[in-house]
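**Q** There's a structure below that I have some questions on.
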Amino acid sequence: MNPAPNLILVGPMGAGKTSIGRRLAERFGLEFADVDQVVVERCGATINTIFEHVGEAGFREREKAALAHVLAEEGKMVSTGGGAVLDCDNRSLMQRRGFVVYLRVGVEAQLKRLGRDRSRPLLRRGDREQVLRDLTAVREPFYMEVADLMLDTDGLSPGGATSTLAQLLASQWQRSERAA
């Protein structure tokens with residue numbers, strides 16, 4: 001067993017972090033927190049608007065603050081943004097404050113899942129397939145670095161991935177609490 005106060009999902013866009021995370025939170029009695037949504041709530045602006053006004057670097061600063069805010073608590077099921085692992089402080093914080101699950105997904109599955117999605121600023125940079133391949137090349141080593149467990153979600157429905165992951169977590173993760 002690997003005790004940790006929180007469960008954290010990392011992985012690329014389209015891996016299922018939010019949909020699987022909501023289901024896991026319910027199953028394990030955890031409070032669900034989507035870091036991207038926390039950024040939106042704290043800034044009072046959409047991610048696209050944040051990118052337009054302060055760029056990716058400005059968004060990453062806000063993402064880092066939101067992640068620290070969420071992980072200061074315990075009993076959370078945290079869905080991170082795909083790029084949260086780019087920051088070494090974020091990686092360290094995730095490893096200290098949670099059991100980290102890397103939801104892996106191939107580019108072909110991402111393209112299908114994100115086919116109609118126009119809300120992601122990084123996919124506005126031209127050839128979607130090439131953008132996804134480039135993001136994977138840069139980020140996958142970081143996902144692997146922080147992961148306590150990996151699940152390939154290609155070909156799995158959110159419900160199927162949740163069931164598989166819940167079984168794996170039952171034998172590998174135990175919720176820990178700090179002494180009061």
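Quick note: the sequence shown, position 138, residue 138 per full-length UniProt numbering, numbers continuous. From the three backbone atoms N, C-alpha and C, an ideal C-beta is built for every residue, glycine too.
For TYR102 and THR80, what's the separation of their Cα atoms in angstroms?
**A** Each residue's alpha carbon lies about 10 Å from the other.
**Q** Going straight from the alpha carbon of PHE51 to that of GLY29, what length do you get?
**A** Distance between the alpha carbons of PHE51 and GLY29: 34 Å.
**Q** Figure out for me which residue from VAL10, ALA4, ALA161, ALA166 has the closest Cα to the Cα of PRO84.
**A** Per the sequence shown, the amino acid found at residue 84 is Ala instead of Pro. Among VAL10, ALA4, ALA161, ALA166, the Cα nearest to that of ALA84 is on VAL10.
**Q** What are the boundary residues of the alpha helix (DSSP H) that includes ALA45?
**A** No alpha helix (DSSP H) contains ALA45, which DSSP labels as neither H nor E.
**Q** Please go through the same chain and pick out, in chain order, the residues whose beta-carbon is closer than 6 Å to the beta-carbon of PRO158, but skip the five residues on each side of it.
**A** Same-chain partners within the cutoff: GLY16, SER19, ILE20.
**Q** Between which two residues does the beta strand (DSSP E) containing ARG104 stretch?
**A** Note, ARG104: beta strand (DSSP E), 99 to 104.
**Q** Please name the residue, chosen from ILE8, ASP152, THR136, ILE47, that lies closest to ALA33 on a Cα-to-Cα basis.
**A** Nearest option by C-alpha distance: ILE8.
**Q** Any idea if ASP36 is buried or exposed, counting beta-carbon neighbours within 10 angstroms, 16 or more meaning buried?
**A** Its Cβ being crowded by 16 or more others within 10 Å, ASP36 is buried.
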